[in-house]
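Residue numbering for the sequence shown follows full-length UniProt numbering, beginning at 1 and increasing consecutively. Backbone N, C-alpha and C define an ideal beta-carbon position, used for all residues, glycine too.
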Amino acid sequence: MADAGKSTASVAGEPEPGSNSSPIWKAALERYFAETRRGGINEAAIENDLWVVQTPEELLSRIETTVPCDTQSSATWSRALADLKPVLLGLSDFAALIAWALGLDSKYALPVLAELVEMLSELQRTLPRIQKYEKELPMTSTLEGALLDMYSEIIVFCAYAVTFFRNNPNIGRSPSAWSRFNQDFAQTKRNLERYSRRVDEVADMIRLSRESTTAATVATIRNTKLPEELPAINLPCHSVPHGLNLRFFGRDDAIDVLRETLSPEQDRHEMRAIAMHGIGGVGKTQLALQYANKSLGMYEIIIWVPSESQIKFTQALSAFKIKLGLIDDKEQRDGSHAIQRLKDWLNTSNKDFLMIFDNVNDTRILDQIWPATPRASVIITTRSPSVASRRANKSFRLESFGLESGAEAIYALSGKQPSGEDDKAAALELCRLLGGLPLALAQVASFIADRDFSFSESMVLFNQSAEKVFARSPILDEYQHTVTTVWNLSLEQLSPQARIMHNLLAFFDPDHIAESLISKTKTRFNDPAWEFILDDFEFSDAVAELTRSSLITRLSPSKALSMHRLVQQTVFARLLADEKLLYLDRVIEILSSAFPNTWNRRGPYQGHGYETWETCGAVLPHISRLIGLVSDHGLRPSNAGLWAELVFRAGTYLWEKDQPYLAQVFLEFGLRIDIGESHPVSAQAQRILGHICLDIAQPHAALSAYSKTLSLRLMTEKADSPPIADIYDSIACSYTEIRNMPKAFEYVERTTAIHLAHDPAHMARTEAIRAMAFLRDNRPSEALCALHKCWELQNLSQEDVESSRYPKHSGDIMLLARILWALGQRSTGRELASRAVDASSRPVDIRRDSMFHLALMLNEEEEQLLSAKLLRDITKIDSSVQETKPHQARAFWFLAKFEEQIGTPRNLCDEIKSNAKRIKDALKQSEAGQDNSDKAYMSLVGWMLW
1 MADAGKSTAS
11 VAGEPEPGSN
21 SSPIWKAALE
31 RYFAETRRGG
41 INEAAIENDL
51 WVVQTPEELL
61 SRIETTVPCD
71 TQSSATWSRA
81 LADLKPVLLG
91 LSDFAALIAW
101 ALGLDSKYAL
111 PVLAELVEML
121 SELQRTLPRI
131 QKYEKELPMT
141 STLEGALLDM
151 YSEIIVFCAY
161 AVTFFRNNPN
171 IGRSPSAWSR
181 FNQDFAQTKR
191 NLERYSRRVD
201 EVADMIRLSR
211 ESTTAATVAT
221 IRNTKLPEEL
231 PAINLPCHSV
241 PHGLNLRFFG
251 RDDAIDVLRE
261 TLSPEQDRHE
271 MRAIAMHGIG
281 GVGKTQLALQ
291 YANKSLGMYE
301 IIIWVPSESQ
311 IKFTQALSAF
321 KIKLGLIDDK
331 EQRDGSHAIQ
341 RLKDWLNTSN
351 KDFLMIFDNV
361 NDTRILDQIW
371 PATPRASVII
381 TTRSPSVASR
391 RANKSFRLES
401 FGLESGAEAI
411 YALSGKQPSG
421 EDDKAAALEL
431 CRLLGGLPLA
441 LAQVASFIAD
451 RDFSFSESMV
461 LFNQSAEKVF
471 ARSPILDEYQ
481 HTVTTVWNLS
491 LEQLSPQARI
501 MHNLLAFFDP
511 DHIAESLISK
521 TKTRFNDPAW
531 EFILDDFEFS
541 DAVAELTRSS
551 LITRLSPSKA
561 LSMHRLVQQT
571 VFARLLADEK
581 LLYLDRVIEI
591 LSSAFPNTWN
601 RRGPYQGHGY
611 ETWETCGAVL
621 PHISRLIGLV
631 SDHGLRPSNA
641 GLWAELVFRA
651 GTYLWEKDQP
661 YLAQVFLEFG
671 LRIDIGESHP
681 VSAQAQRILG
691 HICLDIAQPH
701 AALSAYSKTL
711 SLRLMTEKAD
721 SPPIADIYDS
731 IACSYTEIRN
741 MPKAFEYVER
751 TTAIHLAHDP
761 AHMARTEAIR
771 AMAFLRDNRP
781 SEALCALHKC
791 WELQNLSQED
801 VESSRYPKHS
811 GDIMLLARIL
821 WALGQRSTGR
831 ELASRAVDAS
841 SRPVDIRRDS
851 MFHLALMLNE
861 EEEQLLSAKL
871 LRDITKIDSS
881 VQETKPHQAR
891 AFWFLAKFEE
901 QIGTPRNLCD
911 EIKSNAKRIK
921 DALKQSEAGQ
931 DNSDKAYMSL
941 VGWMLW
């Protein structure tokens, strides 16, 4: 722009550049000069003339001087100029058109001027009334940026047009060139439509922010933009579970394949993914670890993600997000949208990163975090060839070592060389028996080195015991029997304490077993052989013995143990039937003593042990492991009641953590355990199942579960006891969701009568449900009184409720917002709803629901642009998570309606509706309406989420 300024200043008597233009327009003009210079035009006359022309009339006069006189084309020129004048007068500035006109030399402008004017007329119709915004609204940085984007789109395209026409002097005789120009113009028009809408949105928010009661709404809408502003990021950030293995042997060819496929390149245009498949123990994980550790300098980010279960998948990504710096302690308690936020950051970070998904059984689990950027490199390890082929650009089978390479491996790993030809032959035979499986070779080499055996001596031992071990391990038929041979030889030499420890570990999730979970257990074993577990020194002795034999690995920084799955399966298979039941019972006792027991307590915070969530999350994978063992092997724990209650606690925790669908699986599994309906835990389990059904918008199923709870409780409780009142509360909730208001109020009154007869101070929850029922019955004044009474009984103010960590209090705030809205106190109601959206500590489903109801409020106030923006933000939530799909379907449906009100083309609105229908049909939600109506889509989500 400095050069342009010098050239214009040299013209005596001419106005100063941009004297009548806005500063934003002047900034956009700088981009014009840059674009024309890039196109090869540096003539000072163009720049001078651009500043001299100051009015549309003067521009028309200048164009008329180029009109050819008394020619066949003069009539065309006259009509075009007449059409051009209203276009110029309608635009907020006209410097762009100057660029067009001065780019058209009269020698070749004739054939296309009419078409050009028509295109400009179309462009003018896409622009908002910018001058009105600049004059009437304060110029914020956001508005200035939005205007600059739009101005720049115009002026840069104009500059492009100047260079295009000058470089294509025969444009009238070149249909292909004119077609190319038309396509570029169409793209500019689409961009301008987007920028125009953005200017309108910003102007609306500025106008709203002038009202004191709308400040929270404006802040909410700004903050819902994805991705959010991120805190400081810790880079480089590498999450690799083990360091470089200096004894890693062979696999050079495989390492080269990984490097050639995945090595980050600045100019590559797509992400790279490679999958390794093969039998368990072939070394897939070790190979991925080796590549990751050798690639620390190539990637700023490396993420190791155990992928065999949803629980471990989520925990690993959440932990990495904390390490990276994308989450604070407050957000960590929520945890539900950690994966989506990490995914958004990775895709927009412009950083090279490596993701390793280890032990993938189902590729659908990868949808939640699968990258969408060419900067990503991905490794998948799996046993299944079909799984490997579904996601990766390239996949290969990792084979076992051949005889020669296997022998070289066992020599290197054992630190021994054959003593002669016979010993060499024995080593080759040993490798053949082991099938060249790397895990088996490593174990055998360690065994040989630990005992200083020759290969011949080792071969004799294997031949003596292989048949017996293979006969006792039918469960391992899919593996080479030589693998079980080497593990059994090692296992048979364990001390009694180490053997007990190893057998016990076979029942835990193998990846991360906190030592304190076992050594600090409150369980009393009543068996001298087990007392070593409670002695720190003896416990560490047993761990050291297992570590020396490579049967487990100790993760020193986290004071935890890990155990290879093949070892674990072998140990489990060796146990006799009564031994399996003994160890299963012990582990159930250990986990039960460790898992907080808050699920069955009565009190102000029924069913929410949020203060113990961290402990619950650490124990949960081990309960999941036991469910798998019990299901796969038909095991029946001796204490079925304790086992069922442990499963119910885990399911309750998952429900509290906004994972109702997985919680439902746990609860239904627990209810299939044969403990009898009269067991004390059965009633509460049915009630928690009812809570889950309400959360997933199945109120009739919830009512059925609550009714069953009532019949079970009446076996042990009096009909007028407080525990029965709790169930009446839940039944009233179900009827309110179903909208059977007479029944809802009937059960609220039953509850009230019981509490009044015992202790009225304990009916806070009843008053909250009464408030919900009054609001559903269109009685907001009575609802407000009931809600205030609910808080009064708890000695809470509204400020206390808003700042509370108790998750269900966020539902109280949204209920209050909806009550105030119904009472006509719209500004206050909208502000409360906005704060419910902003609160990062709130459960994610309540925040999504709050966003939706805030959008409805804004739409009622004819703020369709802002309402549509909130709904679009809901639709952007990761749809691979089951809990988000009902919210997305509902948002898509109403977004289509609001877009129609805005004036969005019908075909785009129909596309939005089709997205809603597709998600709704996939849900197959039995209690939702089967038609495509507002009522059907509203029924996908509970009427009131708590």
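Phenylalanine 507 and leucine 626 closer than 8 Å at C-beta: yes
Euclidean distance between Cα positions of serine 106 and arginine 390: The predicted position of serine 106 is uncertain, since its pLDDT is 41 and thus under 50; a value taken from the coordinates is nonetheless stated next. So the alpha carbons of these two residues sit roughly 60 Å apart.
Inter-residue Cα distance where the pair is phenylalanine 669 and valine 647: 8 Å
Reference glutamine 286, options Arg524, His564 and Phe774, closest by Cα: His564
Option in Trp530, Leu576, His512 and Thr570 with minimal Cα separation from valine 556: The sequence shown places serine at residue 556, not valine. The candidate whose alpha carbon is nearest that of serine 556 is His512.
Coil, strand or helix - tryptophan 345 by DSSP: helix
Contact the segment 336-355 vs the segment 375-386: 3+ CB pairs below 8 Å: yes
Length of the line joining the Cα atoms of phenylalanine 595 and aspartate 509: 15 Å
Cβ-Cβ separation, threonine 652 to serine 593 (assumed contact under 8 Å), whole Å: So it is not a contact: roughly 17 Å between Cβ atoms.
CA-to-CA distance, leucine 137 to methionine 205, given in whole angstroms: 11 Å
Opening and closing residue of the alpha helix (DSSP H) in which aspartate 253 lies: 252-262
Residue from Ile301, Glu799 and Leu208 whose Cα sits closest to the Cα of serine 239: Ile301
For threonine 373, three-class secondary structure by DSSP: coil
Beta-bridge partners of phenylalanine 396, as assigned by DSSP: Met276
For isoleucine 339 and serine 318, the rounded distance between their alpha carbons: 7 Å
Check: phenylalanine 249 C-beta below 7 Å from any heavy atom of the ligand NAP: Inclusion of the ligand NAP in the displayed structure is not the case, the ligand content being empty and no account of it being possible.
Three-way DSSP call (helix, strand, coil) for aspartate 632 in this model: helix
Cβ-Cβ separation, lysine 580 to tryptophan 505 (assumed contact under 8 Å), whole Å: Position check: residue 505 holds leucine in this sequence, whereas tryptophan was assumed. At roughly 14 Å, the Cβ-Cβ gap does not stay under 8 Å, so leucine 505 and lysine 580 are not in contact.
CB contact flag (glutamine 888, isoleucine 919, <8 Å): yes
At least 3 beta-carbon pairs within less than 8 Å: the segment 697-704 vs the segment 712-719: no
Option nearest isoleucine 233 by Cα separation, candidates Arg268, Leu342, Pro264 and Phe313: Leu342
For serine 307, three-class secondary structure by DSSP: coil
Cut-off 8 Å between Cβ atoms - residues of its own chain near glutamine 310, not counting five sequence neighbours on either side: Ile365 and Leu662
Three-state secondary structure (DSSP) of histidine 238: strand
Distance CB(phenylalanine 447)-CB(aspartate 423) smaller than 8 Å: no
Cβ separation of isoleucine 754 and aspartate 720, assumed to be a contact under 8 Å, to the nearest whole Å: 5 Å
Rounded distance between the beta-carbons of alanine 786 and phenylalanine 774, thought under 8 Å: 6 Å
DSSP bridge partner residues for residue 1002 (one or two, in chain order): The shown model of the chain, from 1 to 946, leaves out residue 1002, and the question about it has no answer.
Bounding residues of the beta strand (DSSP E) (the contiguous stretch that carries isoleucine 356): 353-358
Residue nearest to glutamate 802 in terms of C-alpha spacing, selected from Gly824, Arg835, Arg739 and Trp599: Arg835
Contact set for methionine 139: own chain, Cβ-Cβ below 7 Å, skip 5 residues either direction: none
Three-state secondary structure assigned by DSSP to arginine 554: strand
Proximity to aspartate 921 [Cα-Cα], best of Cys909, Ala936 and Asn907: Ala936
Identity of the residue in Ser384, Glu404 and Gln664 nearest arginine 397 by Cα: Ser384
Closest residue to glutamine 315 among Leu620, Lys708 and Ala928 (Cα-Cα distance): Leu620
Extent of the continuous beta strand (DSSP E) run through serine 797: Neither: serine 797 is in no beta strand (DSSP E) and is coded neither H nor E.
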